[in-house]
Structure formats: structure tokens, C-alpha cells
Amino acid sequence: MVFVGSDERESGTLQMEALAKLANYKGNVAIMIGNLTDAGALQRTKDVEQVVAKYPAMKVVQKQPANYSRSEGMDLMQNWTGNGEAIDIVAANNDEMAIGAAMALEKSQKKLLIGGSTPPRTG
1 MVFVGSDERE SGTLQMEALA KLANYKGNVA IMIGNLTDAG ALQRTKDVEQ
51 VVAKYPAMKV VQKQPANYSR SEGMDLMQNW TGNGEAIDIV AANNDEMAIG
101 AAMALEKSQK KLLIGGSTPP RTG
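Structure representation (C-alpha cells):
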């Protein structure tokens with residue numbers, strides 16, 4: 001039997017390091033968590049937080065689940081921006097939530113850095 005999967009620790013770290021570099025290592029970060037009971041999502045979230053903690057001009061300002069869903073990612077992003085959250089970077093635990101965040105921002109015409117991680121879950 002062969003299993004090919006992602007290294008959750010590496011994927012969260014690589015995602016946030018890339019976003020941090022693009023943001024010049026400063027800014028407010030919001031994290032879209034896949035699911036609060038999924039070990040992979042929790043590991044990626046922990047690693048994103050550890051990368052943010054390395055840079056004094058960065059901080060996590062929001063962290064909520066969007067259940068790997070494009071529509072929930074869009075709703076969550078609309079809630080955050082509608083509440084006036086000062087967010088510069090969105091780190092999503094998967095691409096579907098990141099796409100939802102981007103779709104929400106298209107409507108508001110706000111510009112943020114958004115990063116996804118892993119393909120969408122299908123089952």
C-alpha cells in the first residue's frame with residue numbers, strides 16, 4: 001500500500017512564509033480554519049501562527065472556521081470586512097476558502113494578500 005499526502009506542518013509554514021514575504025513581514029493576519037475537529041487544519045493553523053509570531057510587525061487578528069467551503073469563506077470574509085476588521089493578509093487552510101475570500105473582496109474592491117493551502121476536499 002502506498003499513501004501520498006501533504007506534510008501539514010510544512011504546508012502551513014510555507015504558506016505563511018510566502019505571504020509574510022509578500023507583505024514585507026508586516027500586517028494583520030486572519031486565518032480561515034478548515035474545521036475545528038480536523039487535525040490537519042489545526043496543524044496548519046498552528047504553523048501559520050508560529051510564522052506570524054516570528055515577525056514583530058505581524059499579528060493574528062482573526063481566526064475562525066469556514067469548513068473548507070468556498071461559500072463559508074466568502075461569508076466569513078464579508079463578515080470580517082463588514083465589521084471593519086483591519087486585515088491585510090488571509091491565510092486559508094484550503095484553496096476553496098481562499099477563493100471564497102477573494103470573491104468577497106471582489107465585491108468590496110478591497111485589496112489583501114490571500115493564500116490557500118491544499119486542494120479542496122471532496123469527501
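The sequence shown begins at 1 in UniProt numbering and counts up one residue at a time.
We treat Cβ as the ideally placed atom computed from N, Cα and C, and that holds for glycine.
How is the alpha helix (DSSP H) around I99 delimited, first residue to last? Here residue 99 is taken as the residue at index 99 of the sequence shown, counted from 1. DSSP places I99 in the uninterrupted alpha helix (DSSP H) bounded by D95 to S108.
N35 (DSSP reduced to helix, strand or coil): Here the question's residue 35 lines up with position 35 in the sequence shown. Reduced to three states, the DSSP call for N35 is coil.
What separation, rounded to the nearest whole angstrom, lies between the Cα atoms of E49 and Q78? Your numbering for residue 49 matches position 49 in the sequence shown. Your numbering for residue 78 matches position 78 in the sequence shown. Straight-line Cα distance between these residues: approximately 22 Å.
Buried or exposed, going by whether 16 or more other CB atoms sit within 10 Å of the CB of G73? Taking the first residue of the sequence shown as position 1, residue 73 is located at position 73. Burial of G73 is indicated by the presence of at least 16 other C-beta atoms within 10 angstroms of its C-beta.
So, helix, strand or coil for G116, using DSSP? Translated into the one-based positions of the sequence shown, residue 116 becomes position 116. Collapsing the DSSP output to three states places G116 in coil.
Using a threshold of 9 Å, state whether the C-beta atoms of A30 and I89 are closer than that. Reading the sequence shown from its first residue, position 30 is the one you call residue 30. Reading the sequence shown from its first residue, position 89 is the one you call residue 89. In this structure, I89 lies closer than 9 Å to A30 by Cβ.
Buried or exposed (CB count within 10 angstroms, at least 16 for buried), G123: Counting from 1 along the sequence shown, the entry for residue 123 is found at position 123. With a pLDDT of only 46 at G123, under 50, the local geometry of the prediction cannot be trusted, and the value read off the model is given with reservation. With fewer than 16 other Cβ atoms within 10 Å, it is exposed.
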